[in-house]
Structure formats: structure tokens, C-alpha cells
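**Q** Residue 284 is where the sequence shown starts when you use our numbering, and the numbers rise one by one after that. All C-beta atoms in this analysis are idealised placements derived from N, C-alpha and C, irrespective of residue type, glycine included. The structure is given below, and queries will be raised subsequently.
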Amino acid sequence: MSRCGAVGRTLSWISVAVMIGCTSAGAGDDDSAGDDDTFADDDDTELGEPDEASGVIAVAEMYNEGGSGLSWSASIGGQLYDGPSPTFHRVTMEQVECVYYELQPGLCDPPCAPDEACDAYDECQAYPAGVSAGTLTVSGIAEPVVIEPQEWYPGLYYGPHGLPADLFDVGAVITADFVGDQLPPLTLDALGVAPMDTALADEDFVIVQGQDNLFTWTPGPDPSALVEIVINATNVAHGAPLSDIIQCVGPDDGEMTIPQDMVDAFPLDQLPDSCTHFDCPPSELTRYTTSAADVDGQTIRLIVRSAVYFMGGEQIG
Numbered sequence: 284m285s286r287c288g289a290v291g292r293t294l295s296w297i298s299v300a301v302m303i304g305c306t307s308a309g310a311g312d313d314d315s316a317g318d319d320d321t322f323a324d325d326d327d328t329e330l331g332e333p334d335e336a337s338g339v340i341a342v343a344e345m346y347n348e349g350g351s352g353l354s355w356s357a358s359i360g361g362q363l364y365d366g367p368s369p370t371f372h373r374v375t376m377e378q379v380e381c382v383y384y385e386l387q388p389g390l391c392d393p394p395c396a397p398d399e400a401c402d403a404y405d406e407c408q409a410y411p412a413g414v415s416a417g418t419l420t421v422s423g424i425a426e427p428v429v430i431e432p433q434e435w436y437p438g439l440y441y442g443p444h445g446l447p448a449d450l451f452d453v454g455a456v457i458t459a460d461f462v463g464d465q466l467p468p469l470t471l472d473a474l475g476v477a478p479m480d481t482a483l484a485d486e487d488f489v490i491v492q493g494q495d496n497l498f499t500w501t502p503g504p505d506p507s508a509l510v511e512i513v514i515n516a517t518n519v520a521h522g523a524p525l526s527d528i529i530q531c532v533g534p535d536d537g538e539m540t541i542p543q544d545m546v547d548a549f550p551l552d553q554l555p556d557s558c559t560h561f562d563c564p565p566s567e568l569t570r571y572t573t574s575a576a577d578v579d580g581q582t583i584r585l586i587v588r589s590a591v592y593f594m595g596g597e598q599i600g
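Right, dumping it as C-alpha cells:
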């Protein structure tokens, strides 16, 4: 089972709306450039292995805090790169559906070049460059959306503001179609998912040390959808990688357990509600489907998701 980028990112994907490649079943397209990968049950990627997707386009319905309180909104966007980003976390625990990522500052000798980063394994890794795949059309949603890549940074796609909060129907085939540019033409499909339960945002989130922590939700109707829970700690400087991340991915069956060992290792004083550092990102509960294709040796991914952001509530140590 592949894991999405709690590795090599500074904030939750939900916060930046451009990341998370994880395993899921999606609706493939035979006309896609490269090899389409629907990530069904025969996916042989190992648990805890970071997803090497070089580009992600996300079609998302999101429930989070806005100017008028908690509400639903929607977004479309993403970024395409010519390679994976540097990795700043190591997997320190793997249990069942969950992985624990811990920040590991690199010590590279000799020092890395200005366009490189010293990664978690003490190796210099180049920062990827943005690459354009031309005009992007997203269809299968309320109204098709056409997005041009940003002129100032190739491969950066910003969808329009004011999208309807109910952006897609359950089971709808959502298509992302690129006309091609630096990358060749590409088409990816994934399925619309049911809205995720909002209880973690509406009520105080509680994490209790000394025991397994069970999370529950109402399952959606699509057996191919997966659910992800990400518990984010904070960091020590603006834009720096987060110190600790718990990430769990499993079937949309209504429950998931974070093991006690991971709960006990997590720094409770760095949950956002008690955050005294710089970036205090929300955690997330997300239902999603996805598909991916290999394009010129790079993995490009479409994700359709319903995400609920929640901040730290009561922590019991």
C-alpha cells in the first residue's frame, strides 16, 4: 500500500491543496499518456513507502473554518514537477494501517549545492522544477473548469474562486484532461465521493495517550474509496517541515485505529490548539479516490476527495 506525502512536505496537503498521493481505486482512462494505474487491491507498494508522485491535481470538497465559521467549500488545483521533492522525514513506526513520520534533519558533508536539500538520509537531493502540461480541463463536476498553468511558474494550476461547495456527485467520473506542453497530453479519471462526516471538526478532537485511539465515521457507498487520517504536529520555524505526522490509510468501512505506540510518541503539546510555534496546521479526515499515470518517467496523479479539517482539542496524557 502506497503512502502519501507526509514525507517531504512542510504542511498538510489539505492546507496547500496540491499534495497527497495515496492508494485508492479510481476510474482509469485507456487514452492516458503513459501507464495508467488505478491502485486497486493488487498494488504492491510497501506500507510506509512514500508516494513518488511528481505531480498532483486535486478536486476537493472541504469542510473547515472560514470567515463565517465552519462550512463547506471546494477547490481545484495542483502542481506538476519534473521529479519528487526532497524527503525530510523518516518512517519510525509502521503498524497495520498507520505510519509514523518523524522529522530527521540531514547532515550532509560536503554541504549541498544551493539548488539542493540535505534530506532525511543525509543525501543531497535536488529540488524539482515545475513543468507544464498545458491547458487543464476538469469535467464531470457541476460545470467544466478550464485552467491555464501560471505563467510565472510552469505547471502550477489554480482553479477559480467561487466553486460550488457540492462540486461533484457521488460516483461521478471526474476527468482531468491536459492538452500537453512540456509534458505530453494526459487524461486521468477518478470517482466522486460522498461527503465525509464532520464530527471531528464540529466537536472537540480528543487524543488519549496510553491506549489505542479509535476513529469512526459513516461509510460511503463506494467500496473502492479509501479514507485517510492525518494527525499533524507543528514546526519550529515558518515553512519548515512538521516535527511529527501520523498517517493512516484504509478502506472506507467506518472505523480506523491509531495504535497506542504512535499516540504515546506524538508530542501532544504541538497539536494546533496548544501550538506555540510557527505553522499550526489542521489535521484531516479524508475520503478519496485517485488514479495515476507514468508520463516521461514521472508519476502524475488525480485525486478526488472530501476532506474535513480539524484542530487539536482536548489532549489527555
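1. Are the region 377 to 389 and the region 417 to 432 touching by the rule of at least three beta carbon pairs closer than 8 Å?
2. Tell me, to the nearest whole angstrom, how far the beta carbon of G533 is from that of L509; I am working on the premise that it is less than 8 Å.
3. Give every residue of the same chain whose Cβ lies closer than 6 Å to the Cβ of S356, excluding the five residues on either side of it in the sequence, and list them in chain order.
4. Can you tell which of I528, A590 and Q465 has the C-alpha that lies nearest to the C-alpha of P615?
5. Of all the options D487, V546, A516 and E511, which has the alpha carbon lying nearest to the alpha carbon of Q494?
6. Rounded to whole angstroms, what is the Cα-Cα separation between D402 and T370?
7. Does the region 406 to 425 touch the region 450 to 463, meaning 3 or more C-beta pairs lie closer than 8 Å?
8. How many Å lie between A393 and E399 at the Cα?
9. Starting from the N-terminal side, write out each stretch of the beta strand (DSSP E) that is 3 residues or longer and does not extend beyond the region 409 to 482.
10. I'd like to know if the region 434 to 443 and the region 409 to 416 are in contact, where contact means that at least 3 CB-CB pairs between them fall below 8 Å.
11. With a threshold of 16 other CB atoms inside 10 Å of the CB of E511, please say whether the residue is buried or exposed.
12. Measuring straight from C-alpha to C-alpha, what distance separates V587 and G454?
13. If you draw a straight line from the alpha carbon of D485 to that of C407, how long is it in whole angstroms?
14. Taking the alpha-carbon of S337 as reference, which of Y441, L353, Y364 and S358 has the nearest alpha-carbon?
15. Would you tell me roughly how many angstroms separate the C-alpha atoms of L551 and I529, rounded to the nearest one?
16. Output yes or no for whether 8 Å exceeds the beta carbon distance between T501 and D480.
17. Are the Cβ atoms of F498 and D527 separated by less than 8 Å?
18. Could you tell me if L469 is buried or exposed, where buried requires 16 or more neighbouring beta carbons within 10 angstroms of its beta carbon?
19. Taking the CB atoms as reference points, tell me whether T582 and A473 lie closer together than 8 Å.
20. When you compare the CB positions of L450 and A576, do they come within less than 8 Å of one another, or not?
21. Output the distance between the C-alpha atoms of P506 and A341, rounded to the nearest integer angstrom.
22. Please work out which residues of its chain come closer than 8 Å, Cβ to Cβ, to Q378, disregarding the five sequence neighbours upstream and downstream, and give them in chain order.
23. Thinking just about the alpha-carbon of each residue, which of C395, H444 and P388 is nearest to the one in G360?
24. Can you tell me whether D405 is buried or exposed, with buried defined as 16 or more other CB within 10 angstroms of its CB?
**A** Working from what's here:
1. no
2. Within the sequence shown, residue 533 is the residue found at index 250, counting from 1. Within the sequence shown, residue 509 is the residue found at index 226, counting from 1. With 8 Å as the limit, G533 and L509 qualify as a contact, their Cβ atoms being about 7 Å apart.
3. In the sequence shown, residue 356 corresponds to position 73, counting from 1. So the qualifying residues of the chain are M345 and A448.
4. It is not possible to answer for residue 615, since the shown part of the chain is limited to 284 through 600.
5. Counting from one through the sequence shown, the residue named residue 494 turns up at place 211. It is V546 whose Cα lies nearest to the Cα of Q494.
6. For this step, residue 402 is matched to residue 119 along the sequence shown. For this step, residue 370 is matched to residue 87 along the sequence shown. Answer to the nearest angstrom: the Cα atoms are 5 Å apart.
7. yes
8. On the sequence shown, residue 393 is found 110 positions in, with the first residue counted as 1. On the sequence shown, residue 399 is found 116 positions in, with the first residue counted as 1. In the sequence as displayed, the identity of residue 393 is Pro instead of Ala. Cα to Cα, the separation comes out at about 12 Å.
9. 419 to 422, 428 to 430, 439 to 441, 456 to 461 and 469 to 474
10. yes
11. On the sequence shown, residue 511 is found 228 positions in, with the first residue counted as 1. Looking at its Cβ environment, which holds 16 or more other Cβ atoms inside 10 Å, E511 is buried.
12. Here residue 587 refers to the residue found at position 304 of the sequence shown. Here residue 454 refers to the residue found at position 171 of the sequence shown. Their Cα atoms are separated by approximately 11 Å.
13. For the purposes of this step, residue 485 is taken as residue 202 along the sequence shown, with counting starting at 1. For the purposes of this step, residue 407 is taken as residue 124 along the sequence shown, with counting starting at 1. Near 43 Å, if we compare the C-alpha coordinates of C407 and D485.
14. Here residue 337 is taken as the residue at index 54 of the sequence shown, counted from 1. Per the Cα distances, Y364.
15. Position 268 of the sequence shown, counted from the first residue, corresponds to residue 551. Position 246 of the sequence shown, counted from the first residue, corresponds to residue 529. About 12 Å.
16. Reading the sequence shown from its first residue, position 218 is the one you call residue 501. Reading the sequence shown from its first residue, position 197 is the one you call residue 480. Against a cut-off of 8 Å, the Cβ pair of D480 and T501 comes out as a contact.
17. Residue numbering aside, residue 498 sits at position 215 when the sequence shown is read from its first letter. Residue numbering aside, residue 527 sits at position 244 when the sequence shown is read from its first letter. Going by C-beta atoms, F498 is not nearer than 8 Å to D527.
18. Your numbering for residue 469 matches position 186 in the sequence shown. It is buried - the Cβ of L469 has at least 16 other Cβ atoms within 10 Å.
19. Taking the first residue of the sequence shown as position 1, residue 582 is located at position 299. Taking the first residue of the sequence shown as position 1, residue 473 is located at position 190. No, the pair does not count as a contact, with Cβ atoms beyond the cut-off.
20. Stepping through the sequence shown from its first residue, residue 450 is reached at position 167. Stepping through the sequence shown from its first residue, residue 576 is reached at position 293. No.
21. Residue mapping note: residue 506 aligns to position 223 of the sequence shown, counting from 1. Residue mapping note: residue 341 aligns to position 58 of the sequence shown, counting from 1. Those two C-alpha atoms are separated by around 20 Å.
22. Within the sequence shown, the letter at position 95 stands for residue 378. So the qualifying residues of the chain are P542, D544 and M545.
23. Within the sequence shown, numbered from 1, the residue matching residue 360 stands at position 77. Considering only alpha carbons, the answer is H444.
24. Locating residue 405 in the sequence shown gives position 122, where the first residue counts as 1. With fewer than 16 Cβ atoms within 10 Å of its Cβ, D405 is classed as exposed.
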